[in-house]
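Undergrad: My questions will all concern the structure given below.
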Amino acid sequence: MQSSDRSIRSSVAAAACAVIASMSIGMSQAKDLSEADANAAVEYTAKLQRVVDDKAGVAAETVVRWENDARASGKWDANYAQDLFGALMKLQPDNLVAASQATSYQAMMSVLMTGRAAQAASAKAVTAKSLGDFNIDTVYTAVTPCRIVDTRVAGGFMAVNVTRTFDVDGTTFAGQGGVATSCGIPFGVATAVVMSIAVTGPDNAGFFRAWGLNTEPGTSFLNYVAGQTIAVTTVVPVAPGSGADFSLVSRGANAHAVIDVMGYFAAPVATALDCVSVISPTATVPNNVYTAVDAICPAGRSVTGGGTFPTEGTLGRPNVWTDGSPTAPNGWRTWVNNQSGANRTIASYAQCCRIPGR
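Going letter by letter, the sequence shown gives residues 1 to 358 in the numbering used here.
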């Protein structure tokens, strides 16, 4: 092993240990990384640096890599390359690393939808999510009502018992009779979409069904009679990405469909933590008395790190040593070893964070 390699691994291991020590509540100290973990950290750091240096190149390679799989899965259309490249470029560097290293098309798309690769990614077809997902918490984002389908404008009426598929996250919906722009649903992220679906001009009594690209459900959501124009707002699971995202069928009648999107459900977007620093009262540390100085986080916040706060007008404290770690119930403890021959003063601080919100 060359000395430079050892130096890199040692630096990475030291940095990782520092992060673990500051983030792991209840741990008195961080354990050293194994050589295998250090090697993996070096490899990951190199991949992350490449994304930082050439994000567009990594995104372009990922698009090319999955083109054949997208075609095979039925998730291909003329805008595939443009839409996927744009979505990948919006990812944070660590998520782009995960997308570029995914082992299947589904796993890559999972990174777009959830920010993490799918745990089981053997299938290459992207399937619609159910409205409730045991693994992913989704949040609702409203959009300005926007027309994505009007069969009176394009495609003709929904022929009785003939299933058709439509897109929800494209850059234009003109081919479906909708607007010629995006409707604000990001490419590849929505698991379900809130839609206003209207029927007009049915030649008989019947009903509409809408669902993702999997098995047709056994229930209807919009019943109508001959000649009626009526609309309903519903939530439809979708399979996001290029090409078709959901299915629609008219049972019992030929009829026109008009669809506006009003919002979508997707995995929450990562947000920066809301953090404050809390400083303890200044403590007097006697000579040769090992002393603990605690800073405590306010209720609702969790300690993520901490350290010492200079109280003597200088950062230098000869012959005074400090060590720190998270401590119960929710703070940062600085241990002070004063061997200066006289009393010294010192304060501890805690970095206290929470997810933004009420």
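C-beta: ideal position from N, C-alpha, C; glycine also. Keep in mind that this is a model prediction, so the values were computed, not measured.
With a CB to CB cut of under 8 Å and the five nearest residues on each side skipped, what residues in its chain are close to residue 282?
TA: So the qualifying residues of the chain are 311, 345, 346, 347.
Undergrad: If you run the structure through DSSP and keep just helix, strand and coil, what is residue 222?
TA: DSSP places residue 222 in strand when its eight states are reduced to three.
Undergrad: Which of the three DSSP states is assigned to residue 97 in this structure?
TA: Helix.
Undergrad: Give me the residue from 95, 194, 256 with the minimum Cα distance to residue 235.
TA: Closest by alpha carbon: 194.
Undergrad: Report yes or no: do the segment 284-292 and the segment 203-217 share at least 3 C-beta pairs separated by less than 8 Å?
TA: Result no; under three Cβ-Cβ pairs closer than 8 Å.
Undergrad: Which value, in whole angstroms, describes the spacing of the CA atoms of residue 201 and residue 226?
TA: Looking at the two C-alpha atoms, the distance is approximately 7 Å.
Undergrad: Out of 304, 322, 76, 350, which has the shortest C-alpha to C-alpha gap to residue 296?
TA: The option with the nearest alpha carbon to residue 296 is 350.
Undergrad: May I ask you to report which of helix, strand or coil DSSP gives residue 242?
TA: Of the three classes helix, strand and coil, the one that applies to residue 242 here is coil, per DSSP.
Undergrad: Among all the DSSP beta bridges, which residues are the ones paired with residue 279?
TA: 349.
Undergrad: Starting from the Cα of residue 148, find the closest Cα among 137, 163, 168 and give me that residue.
TA: Ranking the options by Cα distance to residue 148, first place goes to 168.
Undergrad: Who are the Cβ neighbours of residue 324 in its own chain at under 8 Å, not counting the five residues just before and after it?
TA: Around residue 324: 306, 307, 308, 332, 333, 334, 335, 348.
Undergrad: Which of helix, strand or coil does DSSP assign to residue 305?
TA: Looking at residue 305 - three-state DSSP - the assignment turns out to be strand.
Undergrad: Give the DSSP-derived three-state secondary structure of residue 267 in the structure shown.
TA: Three-state result, residue 267: coil.
Undergrad: In angstroms with no decimal places, state the Cα-to-Cα distance between residue 95 and residue 294.
TA: Taking the straight line joining both Cα atoms gives about 37 Å.
Undergrad: Per DSSP, which one or two residues make a beta bridge with residue 366?
TA: Here the chain covers residues 1 to 358 and nothing more, so residue 366 does not appear.
Undergrad: From the DSSP secondary-structure annotation, give me the bridge partner or partners of residue 140.
TA: BP columns for residue 140 point to 265.
Undergrad: Can you tell me the Cα-Cα spacing of residue 30 and residue 303, whole angstroms?
TA: Low confidence applies to residue 30: its pLDDT is 33, below 50, so where it sits in the model is not reliable enough to give any reading.
Undergrad: Let me confirm a value: residue 356 is counted as buried when at least 16 other C-beta atoms fall within 10 Å, else exposed. Which label applies?
TA: Exposed, because fewer than 16 other Cβ atoms sit within 10 Å of the Cβ of residue 356.
Undergrad: Taking the C-alpha atoms as reference points, what is the distance between residue 257 and residue 154?
TA: Roughly 11 Å between the two C-alpha positions.
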